Structures are given as C-alpha cells and as structure tokens.
Amino acid sequence: MKLKIRILLYKLQGLYVTCPLSHPLCGILTIESGLASGVYDTLGVHGLWPETGKYGDSIEVTPLDKSFDKEGVLNGPASREGCSCWAELTGGEPTFAEHEWTKHGYEAGAKDSVNYFNVACDLATNGADGGPVGVMKKAIKAGATWDELQKVMKSDANYGRFVYLFDQEHDQVEYGACATCSGSDGKSAPCSWELCELKPGPVPPAPGPAPDTCEPGEHGPSCKTDSDCTDVPKCVRCAHSGKEALAAVHMYNYWRDSV
1 MKLKIRILLY KLQGLYVTCP LSHPLCGILT IESGLASGVY DTLGVHGLWP
51 ETGKYGDSIE VTPLDKSFDK EGVLNGPASR EGCSCWAELT GGEPTFAEHE
101 WTKHGYEAGA KDSVNYFNVA CDLATNGADG GPVGVMKKAI KAGATWDELQ
151 KVMKSDANYG RFVYLFDQEH DQVEYGACAT CSGSDGKSAP CSWELCELKP
201 GPVPPAPGPA PDTCEPGEHG PSCKTDSDCT DVPKCVRCAH SGKEALAAVH
251 MYNYWRDSV
C-alpha cells in the first residue's frame with residue numbers, strides 16, 4: 001500500500017500563545033477533520049504541541065524517558081479509535097509518530113512516548129459525546145461541510161469554549177490545552193493535561209538593541225554634546241577630541257575632556 005507523505009507544518013501566522021500564570025506549560029491540541037484533501041483526509045488527532053519559542057511563552061518540560069517506543073505507540077495509542085493518524089506512516093524514518101514525539105513530546109512533560117500519545121488521545125476522545133473527536137465525527141456523519149463544522153465545534157456546550165482557532169488550510173480544529181506538572185516548582189514530569197481556554201494574541205515585538213554604555217579606557221558611543229550622555233550608563237560627558245562625532249566616555253576617563 002502506498003504510504004501517505006504527511007507534511008508536518010504548524011504555523012500560526014502572526015499569533016502567539018500566552019500561557020496562564022497557573023499553567024506555565026500550555027499548548028495546542030490539533031484534530032484533523034478529514035475534510036481536507038491529500039494527507040489531511042483522515043479524522044483524528046494530529047498532535048499535542050507545547051507552544052514554545054516563536055509560537056508562545058510556554059515552558060518546556062523534558063520527559064522522564066526520551067526514547068521512542070515505536071511498537072508500544074503503534075500497538076497502543078495509535079490503534080485507538082480517533083487516534084489512528086499516527087499509524088499512517090509506519091515506513092521510513094522518522095515515522096509520523098516519531099516526528100510528533102521528538103518535535104513536540106520532548107517538551108510536553110510526559111512519562112514516556114506511549115504516555116504522551118495516550119494523553120493526547122485522551123484529550124481528544126474522552127468525555128461527554130466522545131470528546132471533541134466524537135462531536136466532530138457525529139457532525140460529519142450528518143453531512144456537515146467544513147464551514148458548518150466550525151459552527152458546530154465552536155458552539156458545542158462541552159468543548160466550544162476551548163477552541164483556539166480553525167486551521168483553514170488543512171481543515172483542522174485547534175484546542176487550548178494546559179498542563180499541571182510535578183515537582184516542588186510544578187515544572188517537572190510527569191504532567192497531566194486538560195483542555196483550557198487560550199486566546200491567540202499578537203507576536204511580541206523583538207527585543208531592541210542593547211543600550212549603549214561606556215567603559216574605562218574605551219571610546220564610548222557617538223555623541224556631539226554632553227546632553228547625549230544623559231541616558232548612557234557610566235557616561236559623564238562628551239569627549240572633545242576634535243572629531244565631528246565624538247565618543248562618550250566613562251567618568252574614569254574624564255581627563256580626556258581637558259583638551
């Protein structure tokens with residue numbers, strides 16, 4: 001059987017997740033509707049992704065065991081109803097499931113790889129009406145289109161408030177998820193996860209350049225008058241060496257201004 005080649009891209013263009021103070025480890029649970037074409041044509045869990053780095057301010061919590069138990073994952077969580085997407089790529093390296101584990105599971109505070117996928121599957125399939133996957137499956141079976149499905153999922157009494165956003169490119173529904181971890185600081189594995197309300201926000205601006213400073217025995221930043229030294233750490237005044245753009249100097253080099 002020809003294997004599907006799944007393109008594993010997750011981009012929230014212009015969006016950034018800010019975790020609740022009570023849950024410094026948070027992320028996104030993504031579920032494929034199966035209404036898209038190509039490799040996104042199967043209804044089921046895509047992944048549980050801590051929103052770290054450029055995607056959000058979540059912390060990373062390393063699993064207790066980082067090894068990938070391929071057989072354990074494929075015969076366990078990947079064999080569960082609503083979670084079979086992970087089993088679709090079983091040939092080649094890395095497999096789809098291994099990619100999800102090393103790319104996202106390494107940050108999710110799991111006990112091990114099997115635990116990580118079971119947690120994601122539980123979030124998507126457990127609970128009233130079979131979880132978000134159950135609600136989705138019922139709507140699609142009734143003939144819902146992608147536009148109609150979005151309305152159903154957003155208005156659902158049990159899970160609608162947890163919808164983070166809809167991936168319009170691949171017809172996926174993304175839910176907010178928050179973790180409660182172990183350890184005295186609450187930042188150690190294993191962690192337990194639950195759906196939670198997260199709101200997409202703007203990407204924070206990049207940090208500005210480091211402030212200018214002056215050091216003993218070295219020319220400082222450019223300046224023309226003493227007033228240019230006002231906001232420069234350790235600067236006393238502008239040195240008059242005859243240059244058009246003169247150097248601000250540290251108080252210990254004050255003697256330079258005697259010229």
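Residue numbering for the sequence shown follows full-length UniProt numbering, beginning at 1 and increasing consecutively. Every residue gets a Cβ at the ideal spot worked out from N, C-alpha and C, and that includes glycine. Quick caveat: nothing in here was measured; it's all calculated off a predicted structure.
Continuous alpha helix (DSSP H) stretch holding residue i: start and end
i	result
Tyr116	113-125
Trp49	Note, Trp49: premise wrong, no alpha helix (DSSP H); beta strand (DSSP E) at 44-50.
Leu74	70-75
His99	96-103
Ser67	Per DSSP, Ser67 belongs to no alpha helix (DSSP H) and is neither H nor E.
Lys141	131-141
Asp147	146-155
Nearest neighbour of residue i, chosen from the options [CA to CA]
i	options	result
Ala78	Ala108, Lys103, Val45	Val45
Val163	Lys138, His170, Glu174	Glu174
Glu98	Lys151, Val119, Ala128, Lys66	Lys66
Glu100	Arg237, Lys70, Ala144	Lys70
Ala144	Ile28, Gly34, Val232, Tyr116	Gly34
Gln150	Val236, Phe166, Lys137	Phe166
Gly186	Trp146, Gly109, Asp228	Gly109
Tyr116	Ser227, Cys229, Gly72	Gly72
Asp54	Ala36, Pro205, Asp228	The sequence given here places Lys at residue 54; Asp does not occur at that position. The residue with the shortest Cα to Cα distance from Lys54 is Pro205.
Ile28	Leu195, Lys137, Lys224, Thr230	Leu195
Gly38	Cys85, Ser222, Ala142	Cys85
Ile76	Val114, Phe96, Phe68, Thr102	Rather than Ile, the amino acid found at residue 76 in this sequence is Gly. Cα-wise, what sits closest to Gly76 is Val114.
Gln172	Thr230, Lys224, Lys138, Asp147	Asp147
Ala128	Asn158, Asp226, Ser184	Asn158
Ser155	Val203, Val135, Ile140, Thr213	Val135
Contacting residues, own chain, Cβ-Cβ under 7 Å from residue i (five flanking each side not counted)
i	result
Thr18	Gly56, Asp57, Gly201
Glu60	Pro50, Thr52, Glu107
Thr62	Tyr106, Ala189
Arg161	Glu197
Gly47	Thr30, Glu100, His104, Ala120
Thr225	Cys238
Leu8	At Leu8 the pLDDT is 37, less than 50, meaning the model places this residue with poor confidence and gives no usable figure here.
Range of the contiguous beta strand (DSSP E) that encloses residue i
i	result
Thr180	172-182
Asp185	Neither: Asp185 is in no beta strand (DSSP E) and is coded neither H nor E.
Glu32	26-32
Val236	235-238
Val163	163-167
Close beta carbons around residue i, own chain, < 6 Å, minus the five adjacent residues each side
i	result
Thr125	Gly82, Gly131, Val133
Lys111	Leu64, Pro190
Leu15	Pro200
Ser192	Thr180
Pro20	none
Tyr40	Glu32, His170
Ala87	Leu74, Ala78
Arg80	Cys121
Asn118	Pro77
Ala36	His170, Asp171
Gly183	none
For residue i, the residue or residues it bridges with in DSSP
i	result
Val61	Ala108
Thr15	With the sequence shown as reference, residue 15 is identified as Leu, and Thr is not the correct amino acid for it. Leu15 is bridged to Pro202.
Gly82	In DSSP, Gly82 forms no bridge with anything.
Glu194	Cys178
Gly56	Val17
Sequence-distant residues of its chain with Cβ nearer than 8 Å to residue i (five each side left out)
i	result
Thr42	Glu32, Gly34, Ser84, Cys85, Glu88
Lys137	Leu43, Gly82, Gly130
Lys2	A caution first: Lys2 carries a pLDDT of 26, below 50, which makes its placement in the model too unreliable to give a value.
Trp168	In the sequence under discussion, the amino acid at residue 168 is Gln, which differs from the Trp named in the question. So the list is empty, once near-sequence residues are dropped.
Val203	Gly14, Leu15, Tyr16, Lys54
With three or more beta-carbon pairs closer than 8 Å as the criterion, would you say the region 179-196 touches the region 24-43?
yes
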